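Numbering (numbering that gives the first Met the number 0), first residue to last: 0 to 220. Note that the Cβ used here is the ideal one computed from N, Cα and C, for glycine as well. Quick caveat, the model's predicted, so the values are computed rather than measured.
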Amino acid sequence: MALELIVSKIWKIYEGRPVLRDLSFVFDRKRIYVIMGPNGSGKTTFLKICALLEVPDKGKVFYLNSDKKRLPKDINLFRKITYVFPEVGIFNASVFDNVAYGLKIRGFKKKEIVARVEEVLDFVGLIHKKKQNALTLSSGEAKRMGIARAIVIEPEFIFLDEPTAFVDMKNTEIIEKILLQIKEREKSTIIIATHDTYFASKVGDIILKLENGKLLTENSA
Ligand SMILES: Nc1ncnc2c1ncn2[C@@H]1O[C@H](COP(=O)(O)OP(=O)(O)O)[C@@H](O)[C@H]1O
Ligand SMILES: [Mg+2]
Numbered sequence: 000m001a002l003e004l005i006v007s008k009i010w011k012i013y014e015g016r017p018v019l020r021d022l023s024f025v026f027d028r029k030r031i032y033v034i035m036g037p038n039g040s041g042k043t044t045f046l047k048i049c050a051l052l053e054v055p056d057k058g059k060v061f062y063l064n065s066d067k068k069r070l071p072k073d074i075n076l077f078r079k080i081t082y083v084f085p086e087v088g089i090f091n092a093s094v095f096d097n098v099a100y101g102l103k104i105r106g107f108k109k110k111e112i113v114a115r116v117e118e119v120l121d122f123v124g125l126i127h128k129k130k131q132n133a134l135t136l137s138s139g140e141a142k143r144m145g146i147a148r149a150i151v152i153e154p155e156f157i158f159l160d161e162p163t164a165f166v167d168m169k170n171t172e173i174i175e176k177i178l179l180q181i182k183e184r185e186k187s188t189i190i191i192a193t194h195d196t197y198f199a200s201k202v203g204d205i206i207l208k209l210e211n212g213k214l215l216t217e218n219s220a
């Protein structure tokens with residue numbers, strides 16, 4: 000059974016204005032959840048809180064294992080969660096090293112690092128670029144590298160913030176295919192923030208809308 004993410008009655012207030020208000024939700028299936036909403040509606044704030052990169056002003060966010068026991072917020076949890084920022088942070092190093100970095104800091108052995116990195120680079124269609132300096136990738140390729148960097152960890156949860164921003168049609172389609180394949184493997188729960196309605200309809204199993212600080216399912220009022 001999957002790891003569950005429980006979001007319970009969270010509030011986030013910036014300069015007296017609530018961005019998230021008493022928001023509760025349970026992410027409990029290895030599916031693709033898409034969170035829609037216009038710019039400024041709080042998608043990034045929500046994603047970062049879920050990924051434990053920010054804390055809510057009120058309320059709780061926690062992960063439960065298959066025995067419904069709460070997981071501690073320690074390094075083990077960071078093996079299970081990855082967050083991909085809208086603008087992929089790129090090191091001045093090869094594509095291979097950029098993707099390998101997350102495994103190195105998590106203490107993986109060299110042999111396993113090579114095997115995993117080559118597999119994911121093949122998966123996202125960048126294996127022929129593995130020796131290229133990552134700073135010279137096109138924006139679409141950089142996005143795919145960002146996804147490779149996330150999935151190489153084999154996380155239970157992948158958070159993708161605006162995965163199709165600054166990406167052309169062709170690369171958007173490639174990203175769609177990659178996400179649908181990740182979903183088929185049923186290893187990860189994927190939570191995507193986007194304002195791209197068409198992309199959302201293509202990849203989303205569960206479409207949610209962030210509106211007035213609340214998360215609504217698509218057909219709720
Ligand atoms: N660190 C911050 N300090 C002050 N206001 C912030 C901060 N982060 C986000 N906000 C505000 O919160 C609102 C939601 O932002 P954000 O979560 O980035 O929305 P989205 O990702 O949907 O565009 C915006 O009005 C934004 O200006
Ligand atoms: Mg955002």
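- Under the rule that 16 or more other beta-carbon atoms within 10 Å means buried, what is proline 154, buried or exposed? buried
- Query: Is lysine 109 buried or exposed, if buried means 16 or more other CB atoms sit within 10 Å of its CB?
  - Reply: exposed
- In chain order, what residues of the same chain have a beta carbon less than 6 Å from the beta carbon of glutamate 217, not counting five sequence neighbours either side? Ile206
- Task: Going by DSSP, name the residue or residues bridged to proline 17.
- Result: According to DSSP, proline 17 bridges with Ile12.
- Message: So cysteine 49 and valine 33 are supposed to be a Cβ contact under 8 Å. How far apart are they, rounded?
- Response: Valine 33 and cysteine 49 do not touch by the CB rule: their CB atoms are close to 14 Å apart, not below 8 Å.
- Message: Per the DSSP calculation, isoleucine 5 is bridged to which residue(s)?
- Response: Val25, Phe61
- What residues are listed by DSSP as bridge partners for leucine 76? When beta bridges are read from the DSSP output, leucine 76 appears opposite no residue.
- Query: In or out: alanine 147 buried (at least 16 other Cβ within 10 Å) or exposed?
  - Reply: Buried: at least 16 other Cβ atoms inside 10 Å.
- Out of Leu51, Val25, Met35, Phe77, point me to the one whose CA is closest to glycine 203's CA. The shortest Cα separation from glycine 203 among Leu51, Val25, Met35, Phe77 belongs to Met35.
- Task: Could you tell me if threonine 135 is buried or exposed, where buried requires 16 or more neighbouring beta carbons within 10 angstroms of its beta carbon?
- Result: By the neighbour-count criterion, in which 16 or more other beta carbons inside 10 Å mark a residue as buried, threonine 135 falls on the exposed side.
- Query: Between threonine 44 and isoleucine 157, is the Cβ-Cβ spacing less than 7 Å?
  - Reply: No, the Cβ-Cβ distance between threonine 44 and isoleucine 157 is not below 7 Å.
- What are the partner residues of threonine 188, as DSSP defines its beta bridges? Phe156
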